[in-house]
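Going by the UniProt record's numbering, the first residue of the first sequence is number 1, and it counts up by one from there. This report refers to the structure that appears directly beneath it.
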Amino acid sequence: MSDLEEEYQLGYFTENGFTRKECVECGGAFWTRDEGRTTCGEPPCDTYSFIDNPGFDESYTVEEMREAFLSFFEEHGHDRIAPYPVAANRWRDDVLLTQASIYDFQPLVTSGETPPPANPLTISQPCIRMQDIDNVGKTGRHTMAFEMMAHHAFNTREDADDYAYEGEVYWKSKTVEHCDTLLGEMGADLEEVTYIEDPWVGGGNAGPAIEVIYRGLELATLVFMSMEQDPDGEYELKDGNRYSKMDTYVVDTGYGLERWTWMSQGTPTVYEAIYPEMIAFLKDNAGIEYTDEEEAIIHDAARLSGNLDIDDVDDVEAARGDIAAELGVDVERLRTLLEPLEDIYAIADHCRTLAYMLGDEIVPSNVGTGYLARMVLRRTKRLVDNVGVDAPLDELVDMQAKRLSYENRDTIRDVVRTEVERYRETLDRGSRRVEQLAEEYAQEGEPVPSSELVELYDSHGIQPDMVEEIATEHGADVAVPDDFYSLVAQRHNDETETDSESEAGRDSERYAELPATERLYYEDQSRMEFEAMVLEVFEHEDGYDVVLDQTMFYPEGGGQPADHGSISTDEETAEVLDVQQVGDVIVHHTDSNPGKGEFARGQVDANRRRRHMRHHTATHIVGHATRQVLGDHIRQAGAQKSTDSARLDVSHYESVSADELETIERVANEIVTENEAVDQEWVDRNEAEAEHGFDIYQGGIPEGEQIRLIHASEDTQACGGTHVSRTGEVGVIKLLGTERVQDGVVRLTFAAGEAAIEATQRTERLLSETADLFDVSHDEVPETAERFFREWKERGKRIEELKEELAAVRASGGGDGEEVDIEGTPAVIQRLDGDMDELRATANALVEDDSIAVLGSGASGAQFVVAVPDDCPVDAGHVVGELSQRVGGGGGGPADFAQGGGPDAEKVDDALDDAPEILKQALDA
RNA sequence: GGGCUCGUAGAUCAGUGGUAGAUCACUCCCUUGGCAUGGGAGAGGCCCCGGGUUCAAAUCCCGGCGAGUCCA
């Protein structure tokens, strides 16, 4: 079946007495030393045989196993690399979380554009896979968080050049040899190990791959990434697409740290092997105890469930029935025994996931990785409450963070506490809502419909089972549909398509043939004049695009706006209105044509540029100060500079208080006052990463082997912007304000240098104008404003009172109104040019005296109020309708009190003249 | 980045175009020796902001701001 069969004819196999066989159960091809073997070794063809029968000589903890693995590969010529963050979106924008060790080197290293940090290398990379979150705890082997131990080698073909690494380090046979040797050193019985042929396809790449199985457990996958999708390729693989060989070929291996540890211990589940003390703590805390007989059932069930090929939760539920049957136990009894234990396994795993996430400084939020962290945390909290563990969640997460040796454990605990509190508020809000809803439906005797459930979940974050619980207490039925989550998904399917592509594609083609523009602005960031040759000019709808051989003009990028200025030749001076970078070419957008092939002088608008430089350096300083004041989790989430101010968005889990803002401002200005050097440095990116970590990429990830670092005081950032040469040149930094731009992200707005002075002057002018208005000193403005506001409110109330009094007087004093008799009820018809409030009050007063009130006003347009005493059969709404029609409008209201009006104020009197007639009609009607 | 929900008294919320409400908390009075409590009265609102529609907007529409939530 496999088109790649010849790819597996490895020297190591033939030299070490392996034979290729086909599994009698599944038909898959595999390699083994055991001549008599007939099955491939992988469940369901075979079953776990290491439970209570560890497959290695010694028992290892995860820490010991990690160290054993890494040092083995170090001894075999690999460099040990520190793990990358689990937040993969810090260096690539196509995924959120790190799901495999190879993610660390995609896309730039695997494509050959950037050299790997070492070659070959070994690493133990923390990974998080949310896909099988529902299986965690239930199958005995699924975990959301795990470490993928790996050895990688990056190779290029002999005839290929222009890649960041050259030649072959090692390939398939050597890879298998390393794996086999490691298993041998661990004391595995090599006769029992099988190597299954299983070509790998994913993400546009493919290649032969081998699964390494021992005693039923898949211990490693050895992937030989060497092909890319190509419609004309010579290989057709299992996804139905065609592939062809690439110039680079990469050894991508994955050894599950947790599985190796499990194999070495032979415990019933993986969880008991990797964090036994936490499992013990949780069981004890939740008060879970078993009799010997129960213990035996659980033990057997765990072993059996490991043997089943379980891939989703439905299978787990079905499998439980099979297991119960095999053990001769009632399925409900088995469920009651296992469920609390499953929750505990899941809690331990989720806490470890959170420790990785928060330890790598992900801040919970409603977007991106922050949202995933929040989901995991809330899920964990539910499990903890469900199973009756009463330890605070921050303590549980800390247990795992401690084991993983994170240094920011205080912040982690703080974040967890804040999140738990936030969740509690959401639940409070939710339960109030559900209670109310439940009572409504209970009263009508109807069940809560699934549309309400979807609404509650989607808009308010309330789980259907929680609705069920609360609603039942209030006597309302709830039927949670089986396809609940697909109903929720349906609501999101109406989303609009993405908009069309830009024209950048064509542009970049046009500029591709031009040489890279030499960037003078990096050579001397304070120079503003230069000379250059005009290489090309493209005419445009609204101007010209000019390309020079070298330029001092800074193109828009990294949140710094483009420079302005002029490009002059002897004949022509062109204003530069915008500057953009297209590939390696810098394009100046101008208002006139300097002439292709001309020798030109460039002049950068120095004032504008200097303001940008101050704001750019100030941004680094403020970021650094914020990190010092608020904590190490502070990370840039976006930034924009202008001539007048700059803004910096940072990740933070609560809003910034006024006190904190002042402290940040003080710390930032201390850095300015210390007048330290701001240096730029071009360095090898791998060296930079090794020395400073990923925190240098807060403003985005630049391409290329060399990157530019900016050192401002103790802060180091990869940055392409222009900077002042000493922090003192920033002058002064004035923080203008802070706002929460989204959950988990806070925006700081500030101004530097003369812009700071201007900003201060602006606020002071506002204060002065306000003070002048009140005719008081600056100090007295707040209390004066407060007094004015209070008095304004008091006066409003007094006016209301007076209007009512006036209305009473008008109603009783007869006034100049006409009074007619409608079947024994007196009706007062009166013009009264006041506002609606006055009309209403007067009408009310008249009704108190058992009169019908028909009042009209011409104060702003025409307005009418008609009020009728309780027992009078006149319909006020009808009367108002008739009156309003006569002034070109309309009106209505309840039968005893109606309002209306229209635009024709001059017809108020005419309308009122008709009032007696209308009243009589209304009575007849 | 997108979808949805919500902004009304100090708190929790009613109010679907026609005179801004309830409960708790608050103040005062009464009941009691005191407390829990019970009875009565009162105070407290830029109905988030800005436009629009309308005779009339807390209410409908548009735009902001703020809060929440689901998804990628």
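For every residue, glycine included, the Cβ atom is placed at its ideal position computed from N, Cα and C.
Residue i versus residue j: straight-line alpha-carbon distance, rounded
| i | j | result |
| --- | --- | --- |
| Gly17 | Asp684 | 46 Å |
| Glu192 | Thr32 | 8 Å |
| Thr19 | Gly187 | 22 Å |
| Val820 | Arg798 | 34 Å |
| Ala688 | Gly359 | 22 Å |
| Pro126 | Gly77 | 23 Å |
| Pro561 | Pro116 | 33 Å |
| Ile128 | Tyr48 | 25 Å |
| Leu4 | Glu197 | 9 Å |
| Glu272 | Phe224 | 33 Å |
| Leu735 | Gly558 | 21 Å |
| Asp849 | Gly901 | 25 Å |
| Glu503 | Pro515 | Only weak support is given to the placement of Glu503: the predicted model assigns it a pLDDT of 37, under 50, and the question is left unresolved by the model. |
| Ala845 | Asp910 | 25 Å |
| Glu361 | Ser101 | 19 Å |
| Thr291 | Asp715 | 59 Å |
| Asp483 | Ala489 | 10 Å |
| Arg747 | Thr114 | 34 Å |
| Gly796 | Gly638 | 47 Å |
| Leu338 | Glu295 | 10 Å |
| Ser305 | Ile707 | 51 Å |
| Ala325 | Val86 | 41 Å |
Opening and closing residue of the alpha helix (DSSP H) in which residue i lies
| i | result |
| --- | --- |
| Gly359 | Val331 to Gly359 |
| Arg491 | Phe484 to His492 |
| Cys127 | It is not in any alpha helix (DSSP H) - Cys127 instead sits in the beta strand (DSSP E) that spans Leu121 to Ile128. |
| Ile733 | Looking at the DSSP string, Ile733 is not in any alpha helix (DSSP H); the run it does join, the beta strand (DSSP E), is Ile733 to Gln742. |
| Pro782 | Val781 to Ser812 |
| Glu5 | Where Glu5 is concerned, there is no enclosing alpha helix (DSSP H), given that its DSSP letter is neither H nor E. |
| Ile274 | Val270 to Ile274 |
| Gly877 | Ala876 to Gln885 |
| Arg608 | Ala606 to Leu630 |
| Val416 | Arg409 to Glu444 |
Beta-carbon proximity check, residue i vs residue j, cutoff 8 Å
| i | j | result |
| --- | --- | --- |
| Ser857 | Asp837 | no |
| Arg303 | Pro268 | yes |
| Val667 | Gln628 | yes |
| Val95 | Tyr84 | no |
| Phe69 | Met148 | no |
| Ala895 | Asp875 | yes |
| Ala438 | His474 | yes |
| Tyr702 | Gly720 | What sits at residue 702 in the sequence shown is Pro, not Tyr. It is a contact, given that the beta carbons lie within the stated cut-off. |
| Val546 | Val585 | no |
| Thr253 | Thr175 | yes |
| Thr590 | Glu575 | yes |
| Leu327 | Ala286 | no |
| Glu228 | Gly256 | no |
| Ala153 | Asn119 | yes |
| Thr569 | Ala600 | yes |
| Thr122 | Val250 | no |
| Arg320 | Val329 | no |
| His778 | Leu767 | yes |
| Ile733 | Asn669 | yes |
Start and end residues, beta strand (DSSP E) containing residue i
| i | result |
| --- | --- |
| His588 | Val585 to Thr590 |
| Ile210 | Ala209 to Tyr214 |
| Phe750 | Val745 to Ala752 |
| Lys21 | Thr19 to Glu22 |
Nearest-angstrom beta carbon gap, residue j and residue i [assumed within contact, 8 Å]
| i | j | result |
| --- | --- | --- |
| Thr139 | Val316 | 6 Å |
| Asp632 | Thr411 | 6 Å |
| Gly112 | Thr248 | 4 Å |
### Task
Give a yes or no on contact between the region 897-913 and the region 859-873, applying the rule of three or more CB pairs nearer than 8 Å.
yes
### Query
Are there three or more Cβ pairs, one per stretch, closer than 8 Å when the region 649-665 is compared with the region 755-772?
no
### Task
Report yes or no: do three or more beta-carbon pairs, one from the region 613-624 and one from the region 636-649, lie closer than 8 Å?
As far as the Cβ criterion goes, the region 613-624 touches the region 636-649, which means the pair count is three or higher.
### Query
Taking contact to mean at least 3 C-beta pairs separated by less than 8 Å, is the region 353-367 in contact with the region 392-401?
yes
### Query
Any chance the region 446-454 sits against the region 478-488, with 3 or more Cβ pairs inside 8 Å?
Counting Cβ pairs under 8 Å, three or more are found: they touch.
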